[in-house]
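Residue numbers 1 to 345, in UniProt numbering, belong to the letters of the sequence shown in order. Every residue, glycine too, gets a C-beta built ideally from N, C-alpha and C. Keep in mind that this is a model prediction, so the values were computed, not measured. I have placed the structure first, in the form of structure tokens, so that the comments after it can refer back to it.
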Amino acid sequence: MTINRYIRSKYIKNRFLNRLYCAIMSRKRILITGAAGFLGSHLCDRFIKEDYHVIGMDNLITGDLRNIEHLFSLEHFEFYNHDVSTFVHVPGKLDYILHFASPASPIDYLKIPIQTLKVGSLGTHHLLGLARAKGARILVASTSEVYGDPTVSPQPEEYWGNVNPVGPRGVYDEAKRFQEAITMAYHTFHGLETRIVRIFNTYGPRMRLNDGRVLPAFIGQALRGEDLTVFGDGSQTRSFCYVDDQVEGIYRLLHSDYPYPVNIGNPDEITIRQFGEEIIKLTGTTQKLVYRDLPVDDPKQRRPDITKARELLGWEARVGRAEGLRITYEYFKSLPDKEIKHKDF
Ligand code: NAD
Ligand code: UDP
Numbered sequence: 001m002t003i004n005r006y007i008r009s010k011y012i013k014n015r016f017l018n019r020l021y022c023a024i025m026s027r028k029r030i031l032i033t034g035a036a037g038f039l040g041s042h043l044c045d046r047f048i049k050e051d052y053h054v055i056g057m058d059n060l061i062t063g064d065l066r067n068i069e070h071l072f073s074l075e076h077f078e079f080y081n082h083d084v085s086t087f088v089h090v091p092g093k094l095d096y097i098l099h100f101a102s103p104a105s106p107i108d109y110l111k112i113p114i115q116t117l118k119v120g121s122l123g124t125h126h127l128l129g130l131a132r133a134k135g136a137r138i139l140v141a142s143t144s145e146v147y148g149d150p151t152v153s154p155q156p157e158e159y160w161g162n163v164n165p166v167g168p169r170g171v172y173d174e175a176k177r178f179q180e181a182i183t184m185a186y187h188t189f190h191g192l193e194t195r196i197v198r199i200f201n202t203y204g205p206r207m208r209l210n211d212g213r214v215l216p217a218f219i220g221q222a223l224r225g226e227d228l229t230v231f232g233d234g235s236q237t238r239s240f241c242y243v244d245d246q247v248e249g250i251y252r253l254l255h256s257d258y259p260y261p262v263n264i265g266n267p268d269e270i271t272i273r274q275f276g277e278e279i280i281k282l283t284g285t286t287q288k289l290v291y292r293d294l295p296v297d298d299p300k301q302r303r304p305d306i307t308k309a310r311e312l313l314g315w316e317a318r319v320g321r322a323e324g325l326r327i328t329y330e331y332f333k334s335l336p337d338k339e340i341k342h343k344d345f
């Protein structure tokens, strides 16, 4: 509990005095786009906990209001159902913006490629304009996908990437590369306070069981008693970061003074085949791994170089895969049976 919160809970019981106290302490106001999604909802929780006034915005294209329904009764949470690829307006002052709206799973952005391009480009442009108008600091959610199918490993921020702009994943990768470019341009030409986080594969409770990403896919298959589908021969690698670690890294980056991109991810790299075996062990399923075609342009390796995050933010991942997977599995197991059985890809 922060000091501010402690004082309020202990000494200021009256609602009016509470408001007055908040006004005097000038509670910071933050806009979080993509608030009903996986990462956005965890960020809303974190900033509420830190005593911010949180304004969530989402058009629910891949998100779910259930991720934030526990916040609706709070005085310091507001929600706007809005598409940020159209003009964005928020009344009142704003101190910070976190732009997290965007489909993030390959099957989502393959299904809605134009919306994906628009939210990364037009959406980012609108939010940069809003930040400028309000004098707010903005942090945009970029991705390890800007490195495409990387030819160096681990990937440092200086690596320019190996992206196929016209391949199926190009709609996401190029939108995010444009997002970084326009964010830097606003920083350089308008002096806007900007931050760019390059997020590596992050997992945890509130991922959609049917979003097609490998972790929910494998756990969903195990829970339904199906074989686990490994794409390709399973020798491609990923490095999985637990959501609480990711949120901590984003929080620290927002409050740093570093405007260039920073990788946030857990460098513990694993092949997808080994990952499937870990899920089989964790869930106790008697099913096996089966092999399917590798999607076009699927990156062969991915592992963050987190030297910058360590040096600039004093950050590194704390939650190991065994613990993170256990918590996430408990979450998926607790979902209603009907949701576990539902497979609408
Ligand atoms: P998610 O799909 O759970 O959340 C994205 C949210 O954005 C959804 O609630 C969706 O409805 C909303 N949204 C999409 N387009 C919108 C629009 N035009 N207007 C308003 N809302 C819109 O995905 P996530 O995993 O939480 O990812 C959040 C952000 O983090 C994305 O920008 C993604 O690119 C980035 N990211 C995530 C990961 C990861 O591993 N989870 C990795 C790299 C980058
Ligand atoms: N993958 C898989 N089986 C699945 C879903 C994904 O083998 O059912 C693989 C996918 O081909 C990729 C890796 O798992 O190599 C991670 O995929 P995901 O969609 O989670 O994220 P990406 O890192 O590719 O964006």
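Item	Value
Option nearest R49 by Cα separation, candidates S142, I107, E248	Inspection of the sequence shows that residue 49 is occupied by Lys rather than by Arg. It is E248.
With 16 other Cβ atoms within 10 Å as the buried cut-off, status of I114	exposed
Sheet register partners of H53 (DSSP bridge)	R29
Buried or exposed (CB count within 10 angstroms, at least 16 for buried), E78	buried
Proximity test, N263 beta-carbon vs the ligand NAD heavy atom, cut-off 8 Å	no
Touching by the beta-carbon criterion (3+ pairs, under 8 Å), the region 118-136 and the region 154-167	no
L31 and I55 closer than 9 Å at C-beta	yes
Test: V247 CB closer than 9 Å to a CB of chain B	Checking the listed chains, one finds no chain B in this structure; it contains a single protein chain.
For A141, the residue or residues it bridges with in DSSP	V197
Rounded separation between I272 and L254 - CA only	32 Å
Rounded separation between residue 353 and A217 - CA only	This structure leaves residue 353 out entirely; the chain is present only between 1 and 345.
Distance between I97 and F200 (C-alpha atoms, nearest Å)	21 Å
N-terminal and C-terminal residue of the beta strand (DSSP E) that P261 is part of	261-264
Member of D233, L94, D244 whose CA lies at the smallest distance from the CA of R321	D244
Buried/exposed call for N59, threshold 16 Cβ in 10 Å	buried
Beta bridge counterpart(s) of C241 as assigned by DSSP	T202
Any non-hydrogen atom of the ligand NAD closer than 8 Å to D211 Cβ	yes
Buried or exposed (CB count within 10 angstroms, at least 16 for buried), D211	buried
Residue interval of the beta strand (DSSP E) (run including T271)	269-271
Cβ pair L215, L325 closer than 9 Å	yes
Among Q221, G37, Y172, R310, the one whose alpha carbon lies nearest that of Q287	Q221
Option in Y291, F189, P156, G314 with minimal Cα separation from residue 350	Residue 350 lies beyond the stretch modelled for the chain, which goes from 1 to 345, so this question has no answer here.
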